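In mature numbering (1 follows the signal peptide of the UniProt record, and there is no 0), the protein residues as written are -21 to -1, 1 to 671. Every residue gets a Cβ at the ideal spot worked out from N, C-alpha and C, and that includes glycine. Fair warning: this is a prediction, and the values are worked out from it, not measured in the lab. Written out below as structure tokens is the structure these notes cover.
Put into structure tokens, the structure is as follows:
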């Protein structure tokens, strides 16, 4: 799930007051893989109606007097989902550029969100329709989406309740969900029935998951169009609408306190269940800790949710393509439940069998490492035995213990502990949040939007100057790591206005991190947005040189030269190499040669080779080509310049990668092939030069 980081207080600092007739509510935007999002900061409780005819959409807010503004928004949503956006007092009009769906919902009681979603179901043109969508009231009598979560999550397991009850209460949610999920975790593969006389049905053998990659818990996001033949712990297609859950959580977060200011235990459990359903385990545990709840199962489920990979993780993506029977639920039940729960070997084995070999090994190593860190050595060895059986080994248990996976798990556990302490809103929370953000920055781990939003709101309440400055720095880095470089830049500029003496100290780290992680198509714009700040005294010389080198790589060599000229940098070898590359890219090979005249590094020789090729002096280029490694890049230049026959691509990197995975006995043969390929490539280049 990916909520907008612009929900943080840093990004919405300009919009903290409630809407009024005198205000102009300015929209923020976000571009995602399958949808575009428009967010208005709107605290009033209002209703809205949606009118859609073909691709024209009209969203009106009848009781809103404030002016809605979308100025400049279209330029930040470039994917073609929207052809036109306009807004006025109480009205937003959209002209869609695709056959998309439009959803409107409320988030956290503070924002109204408009989503334009891809892959709408094809429909015939219909007459204009209008639907009223009321905001949930903060009180009383309306059904609570969280309160019906147990029924929708586990439709085949029926907790015993009064037949006259129309919807599940918080009490039923707390007990029913716990008992039902416990029954599933303990059930043998293919049967949802618990070991009791309770009236339950046999679970479906197959459940088709067809949910878009948006607004879903992490374990669901990789499951589009996936058929799972394992027993289902949750029919995700029956979950309540995501926006309903968000709205309900936003209300319940403010309502977990009773009239005396104490936390109501049942409301807290319901809120924790909602967080678990959305994939936010740390928040769920923090709520349970605040309410002093003895809820081992729910806390275990929260831990499991945090242990799942995020949708942005590519390494284990395929491994978790079947979320209805994730082995994590069966494996971790060994320690998560009382009364000696057993490992569901059948579910684990079938799950492993569905994975590709490389993902299976990574997955099993990670699970075994997690079990060992929890003290469950026998369960870890069971996993290794299942791995051996799945891989067709006849030698019994297969050692899949992975020190790297263990280190990753230790980092995950450390992050989870810091996150739980930060979200608990206790005196140590500020220090924990600061440490958590620093861990994310050092490990280059993106922040989820819930953490960005919480940190942005929390930082302004921190009294200690050093801690507050550290959190601000972590937030800026977090925005960059999470794919919001321009929001980070805007936040930095706002901070610069209110606390310049502290904010300047963040600049070098911000620029250095952006140079490392911001995609090429955004990096040039990011540097342009920095303006003169990028060459200020606060930014280290090495950082400026890194920025200049990256600017050459992204196709802006003249900007790279300007950056190095603006700062009085000495004529270091690094600057001369970057300058030579820039002049070469600008079509001035003579100047490039002069910049590397006295340098003898591999890069300098490569630049000389390219410069001579540009000038058509192939005989002068060859000695440098012969020395440079790899040779496949210059070969491409020669092939183009002399219009010769195509040269087969030089497989050097593929052979090197192959050697990394080979045993010692297999490597000599690959090394021989590598040397032969190198010799053949040199001969091919030399032959081309002689022909020329």
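Within 10 angstroms of the Cβ of residue i, are there 16 or more other Cβ atoms? Answer buried if so, exposed if not.
| i | result |
| --- | --- |
| residue 466 | buried |
| residue 16 | buried |
| residue 543 | buried |
| residue 363 | buried |
| residue 633 | exposed |
| residue 647 | exposed |
| residue 398 | buried |
| residue 507 | exposed |
| residue 558 | buried |
| residue 453 | buried |
| residue 566 | exposed |
| residue 651 | exposed |
| residue 477 | exposed |
| residue 550 | exposed |
| residue 554 | buried |
| residue 505 | buried |
| residue 344 | buried |
| residue 84 | buried |
| residue 494 | buried |
| residue 529 | buried |
| residue 251 | buried |
Please report the straight-line C-alpha distance between residue i and residue j, rounded to a whole angstrom.
| i | j | result |
| --- | --- | --- |
| residue 34 | residue 470 | 35 Å |
| residue 413 | residue 392 | 17 Å |
| residue 366 | residue 408 | 41 Å |
| residue 560 | residue 575 | 10 Å |
| residue 26 | residue 60 | 25 Å |
| residue 710 | residue 424 | Absent from the model: residue 710. The displayed extent of the chain is -21 to 671, so no value can be given. |
| residue 587 | residue 450 | 47 Å |
| residue 45 | residue 93 | 17 Å |
| residue 242 | residue 28 | 36 Å |
| residue 463 | residue 641 | 40 Å |
| residue 579 | residue 592 | 18 Å |
| residue 521 | residue 77 | 46 Å |
| residue 643 | residue 603 | 33 Å |
| residue 267 | residue 552 | 58 Å |
| residue 526 | residue 594 | 28 Å |
| residue 42 | residue 418 | 45 Å |
| residue 427 | residue 497 | 17 Å |
| residue 675 | residue 539 | Within the shown structure, residues of the chain are numbered from -21 to 671, placing residue 675 beyond reach of any answer. |
| residue 269 | residue 347 | 31 Å |
| residue 404 | residue 541 | 47 Å |
| residue 596 | residue 636 | 34 Å |
| residue 361 | residue 40 | 58 Å |
Which residue or residues does DSSP assign as beta-bridge partners of residue i?
| i | result |
| --- | --- |
| residue 42 | Partner(s): none; residue 42 has no beta bridge. |
| residue 65 | 72 |
| residue 84 | 92 |
| residue 402 | Answer is none; residue 402 lacks a bridge partner. |
| residue 390 | Answer is none; residue 390 lacks a bridge partner. |
| residue 242 | 236 |
Apart from the five residues just before and just after residue i, which ones in its own chain have a Cβ nearer than 6 Å to its Cβ?
| i | result |
| --- | --- |
| residue 562 | 570 and 571 |
| residue 503 | 533 and 535 |
| residue 456 | 420 and 492 |
| residue 36 | 73 and 81 |
| residue 448 | 481 |
| residue 247 | 235, 266 and 270 |
| residue 68 | 46 |
Assuming residue i contacts residue j under a Cβ cut-off of 8 Å, what Cβ separation, rounded to an integer in Å, is found between them?
| i | j | result |
| --- | --- | --- |
| residue 416 | residue 434 | 7 Å |
| residue 492 | residue 482 | In fact, because the Cβ distance is near 15 Å, the residues do not count as touching under 8 Å. |
| residue 431 | residue 461 | 7 Å |
| residue 545 | residue 517 | 14 Å between Cβ atoms; not a contact. |
| residue 401 | residue 411 | 4 Å |
| residue 359 | residue 351 | 5 Å |
| residue 422 | residue 458 | With a Cβ gap of about 16 Å, residue 422 and residue 458 do not count as contacting. |
In chain order, what residues of the same chain lie with their CB nearer than 8 Å to the CB of residue i, ignoring the 5 residues before and after it?
| i | result |
| --- | --- |
| residue 443 | 409 |
| residue 501 | 464 and 465 |
Suppose the cutoff is 7 Å on Cβ atoms and the five residues either side in sequence are ignored; what does the same chain contact list for residue i look like?
| i | result |
| --- | --- |
| residue 512 | 486 |
| residue 590 | 563, 568, 571 and 572 |
| residue 437 | 412 |
| residue 356 | none |
So is residue i in contact with chain B if we call contact Cβ pairs under 8 Å?
| i | result |
| --- | --- |
| residue 266 | The structure shown has no chain B; it contains just one protein chain. |
I want to check one thing, is the minimum distance from the CB of residue i to the heavy atoms of the ligand COA below 7 Å?
| i | result |
| --- | --- |
| residue 357 | The model on display carries no ligand, and the ligand COA is accordingly not part of it. |
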